Ligand SMILES: Cc1cc2nc3c(=O)[nH]c(=O)nc-3n(C[C@H](O)[C@H](O)[C@H](O)COP(=O)(O)OP(=O)(O)OC[C@H]3O[C@@H](n4cnc5c(N)ncnc54)[C@H](O)[C@@H]3O)c2cc1C
Ligand code: FES
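Written as structure tokens, this is what we have:
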């Protein structure tokens, strides 16, 4: 199985790096679930429908806004997939925005 | 503990909860709508595609009686006629209200409201808005309306309900946990409306959003309400089984499709020679599950869907689903999709009367959390209808009740239930143990997926009951850090506890229905019994207690 390098901007806690098991059909949300379950149980992210309707899973993925449940997980130009909170609005923690 | 006061507390901000909120606020009551997710963006309502109903756009042959007859036929004898009657009588007014608040119905070529046929409805009576994103359109309309009532109506996102609070026989509020601040609160209310949606997440494969963990049934039980026909879990017959990221996605256009088993046989010719795939959900789910059990299924435990002859219709009416399939490598234009039943809708639920009152004073219930309307099989597109009609009833009746109730007391720690006290205790400190909270949920999904899915047996149900007892111990062995706010571990822990209470109710009810009826198919009792009865679940001393009663009695 391949590995995927992920870096996550976590405000005060800084930038964290993860190296996760990667399957081809994984979405960014699948990657976050993998991190929560097997790497760091404290990561905070928001989602609901998993099918691109509610928009609550919106975040910055490799520098661009995107729905984590719809976007296929892949590395950015530097070989690492970067995740950060969506730019607008208050961030509650990690990738979770105030609604 | 911090205390907040309101006239009416509404738990859940899907179509049912927000409808209730708007109607109650219009009667000048102070209303607070809370949601464990983002208000108006978190429940099943977001995914709903069409809504059945009546209106000036109806087929000239359609009326209340025809609609009511379809609901009763589909309910397999278990649908409550008084609830069905309320639904068909009220729905046209509710849709008129929504359109007057700005909801625009989708139009057909001649610029009339487009009306679609749906399996099980004898006439076309489904409408849509926002090009098939009907649930979303309804929520946005309700939120907009709620903003005009903001003096009375407040919403609060990211706050999860642990249990309801009672004073002797009456529900007087709820104990909740604010995920943002990592802090518990007691919300005191003159009336409480439960509108927490369904149970899909109790199963490994589901169409439902992550929040559908059956909290409302658990909360109702905890407060002493009784649950009706909880064994009636609707599986959406045709959902993707693979790839994993979209497993459970409903294929809403299956009535246009051909289904084949792995030997290339169009098996519905054997099960339902007249309607073929265009049959009700209970029958289609049982047929597909039977093919798979007989060894005629696909590698991933499904069957094959072919839609190639109806592509234009599908793209026009169900573009969003079509695009998701294409994006995830399922080429509907040339190939087949692998599909099977996924947990979709709870037809059972908290037992209510036509005013949405439960048996516990002060507690109203609306939407999917309420039981009895759909009986043994919900007709497609009747869930949104239910949310609008009974959401409004709940809002109006809770508002009236709050006129007659006054209570100045504060809630002491002793007044909280043992269930709430235990959750609060664990959540107030980090605990070290051997189980992660998400694993508790996974274990419940495994048990229900194995023994309590479409095809059930006496032995399997007994196993499930026994295995669920063992999950109690897992809750005590949980490992959790409670130092950070918005903790997923904490959400999973609370949801796991609710899922367990609700799962026990489902299994208990299923064990007591010694027949096959509607969505409940037990291979050891494959036919319907000659007498029609309901199952009822209540709670005594933290244990679920089940009894059956002939239809028409409690
Ligand atoms: C994919 C999909 C497609 C569907 N398509 C259709 C369709 O086309 N037509 C149709 O009629 N029906 C459809 N249904 C069914 C229908 O959408 C639902 O039955 C209905 O929307 C339920 O509405 P509700 O208001 O009862 O609950 P929901 O919309 O599920 O809302 C419940 C809310 O309660 C909140 N909540 C839950 N527990 C707690 C707690 N402990 N504390 C605080 N908040 C809590 C949740 O976060 C959620 O926001 C579909 C369902 C799905 C999943
Ligand atoms: S989870 Fe709803 S859009 Fe991604």
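Protein chains in written order, with the numbering used here: chain A, 10 to 108; chain B, 132 to 685. In this text, a Cβ means the ideal position worked out from N, Cα and C, and glycines have one as well. On a predicted model such as this, the values are computed, not experimentally measured, just so you know.
Helix, strand or coil: how does DSSP classify residue i here?
i                      : result
residue 73 of chain A  : strand
residue 144 of chain B : coil
residue 456 of chain B : helix
residue 67 of chain A  : strand
residue 379 of chain B : coil
residue 335 of chain B : coil
residue 204 of chain B : helix
residue 384 of chain B : coil
residue 287 of chain B : strand
residue 611 of chain B : strand
residue 513 of chain B : helix
residue 547 of chain B : coil
residue 212 of chain B : helix
residue 238 of chain B : strand
residue 449 of chain B : coil
residue 360 of chain B : coil
residue 521 of chain B : helix
residue 17 of chain A  : strand
residue 11 of chain A  : strand
residue 629 of chain B : helix
residue 639 of chain B : helix
residue 28 of chain A  : strand
residue 531 of chain B : helix
Is residue i near residue j, with beta carbons less than 8 Å apart?
i                      : j                      : result
residue 321 of chain B : residue 194 of chain B : no
residue 360 of chain B : residue 665 of chain B : yes
residue 598 of chain B : residue 578 of chain B : yes
residue 41 of chain A  : residue 69 of chain A  : no
residue 438 of chain B : residue 445 of chain B : yes
residue 662 of chain B : residue 205 of chain B : no
residue 471 of chain B : residue 568 of chain B : no
residue 317 of chain B : residue 304 of chain B : yes
residue 13 of chain A  : residue 64 of chain A  : no
residue 530 of chain B : residue 158 of chain B : yes
residue 90 of chain A  : residue 24 of chain A  : no
residue 670 of chain B : residue 352 of chain B : yes
residue 86 of chain B  : residue 171 of chain B : Given that chain B is displayed from residue 132 to residue 685, the structure contains no residue 86 of chain B and the question cannot be resolved.
residue 103 of chain A : residue 52 of chain A  : yes
residue 402 of chain B : residue 420 of chain B : no
residue 589 of chain B : residue 672 of chain B : no
residue 74 of chain A  : residue 95 of chain A  : yes
residue 72 of chain A  : residue 85 of chain A  : yes
residue 480 of chain B : residue 502 of chain B : yes
residue 105 of chain A : residue 54 of chain A  : yes
residue 431 of chain B : residue 337 of chain B : no
residue 650 of chain B : residue 441 of chain B : no
residue 551 of chain B : residue 348 of chain B : no
residue 605 of chain B : residue 560 of chain B : no
residue 284 of chain B : residue 192 of chain B : no
residue 307 of chain B : residue 165 of chain B : yes
residue 609 of chain B : residue 557 of chain B : yes
residue 334 of chain B : residue 576 of chain B : yes
So, under 8 Å CB-CB, residue i and residue j are touching, yes? Tell me the CB distance rounded to an integer number of Å.
i                      : j                      : result
residue 252 of chain B : residue 358 of chain B : Not quite, the Cβ-Cβ distance comes to about 27 Å (not below 8 Å), so this is no contact.
residue 585 of chain B : residue 459 of chain B : Contact flag wrong, Cβ pair sits at about 24 Å.
residue 362 of chain B : residue 596 of chain B : Rounded, the Cβ-Cβ distance is 13 Å, inconsistent with contact.
residue 155 of chain B : residue 493 of chain B : The pair is not a contact, with the Cβ atoms about 14 Å apart (cut-off 8 Å).
residue 61 of chain A  : residue 76 of chain A  : 6 Å
residue 259 of chain B : residue 249 of chain B : Their Cβ separation, rounded to whole angstroms, is 11 Å, which puts residue 259 of chain B and residue 249 of chain B out of contact at 8 Å.
residue 495 of chain B : residue 528 of chain B : 6 Å
residue 355 of chain B : residue 491 of chain B : 5 Å
Task: the stretch 379-392 of chain B / the stretch 404-422 of chain B touching (three or more Cβ pairs under 8 Å) - done: yes
Task: At least 3 beta-carbon pairs within less than 8 Å: the stretch 308-328 of chain B vs the stretch 337-355 of chain B - done: yes
Open item on the list: Does the structure place the stretch 613-620 of chain B close enough to the stretch 302-316 of chain B that three or more beta carbon pairs sit under 8 Å?
Closed with: yes
Task: Inter-stretch contact at 8 Å, needing at least 3 Cβ pairs: the stretch 505-521 of chain B / the stretch 167-181 of chain B - done: yes
- [ ] Spell out a yes or no on whether the stretch 221-232 of chain B and the stretch 480-496 of chain B are touching, meaning 3 or more CB-CB pairs, one atom from each, closer than 8 Å.
- [x] no
Task: Touch test, the stretch 366-386 of chain B against the stretch 462-475 of chain B, Cβ-Cβ under 8 Å, three pairs minimum - done: Because the criterion of three Cβ pairs below 8 Å is met, the stretch 366-386 of chain B and the stretch 462-475 of chain B touch.
Task: Touching by the beta-carbon criterion (3+ pairs, under 8 Å), the stretch 515-528 of chain B and the stretch 143-158 of chain B - done: yes
Open item on the list: When you compare the stretch 201-218 of chain B with the stretch 227-243 of chain B, are there three or more beta-carbon pairs, one atom per stretch, that lie closer than 8 Å?
Closed with: no
TODO: Could you please go through the chain and list the residues whose beta-carbon is closer than 6 Å to any non-hydrogen atom of ligand 2?
DONE: Here the list is A:56, A:57, A:58, A:59, A:61, A:62, A:63, A:64, A:65, A:66, A:76 and A:78.
Open item on the list: Any contact between the stretch 255-275 of chain B and the stretch 414-425 of chain B? By contact I mean 3 or more CB pairs, one from each, below 8 Å.
Closed with: no
Task: Cβ pair count under 8 Å reaching 3, the stretch 547-564 of chain B against the stretch 238-254 of chain B - done: no
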